[in-house]
């Protein structure tokens with residue numbers, strides 16, 4: 128059985144919210160049968176994505192509302 132975990136990659140200052148946010152990755156670890164394989168990244172998100180999604184305007188790719196814009200690059 129696989130194991131799925133959200134782990135923090137970086138902490139950055141978000142200009143939109145005016146506070147520090149954690150950029151997270153959804154890691155999928157293989158089952159015990161294949162222990163030598165590394166984890167796979169399945170998705171990315173921001174720790175405050177729900178706050179940005181509550182606003183009427185699209186924000187960034189980390190919130191999932193504006194795929195082409197990454198403010199942390």
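Numbering (this note's numbering), first residue to last: 128 to 200.
A virtual CB, placed ideally from N, CA and C, is assigned to each residue, including glycine.
In this structure, the alpha-carbon of residue 171 lies about 6 Å from that of residue 189. DSSP places residue 188 in the coil class of the three-state scheme, outside both helix and strand. In the three-state reduction of the DSSP assignment, residue 158 falls in the coil class.
Residue pairing of residue 140 in beta bridges, as defined by DSSP: 147.
DSSP lists 150 as the bridge partner or partners of residue 173.
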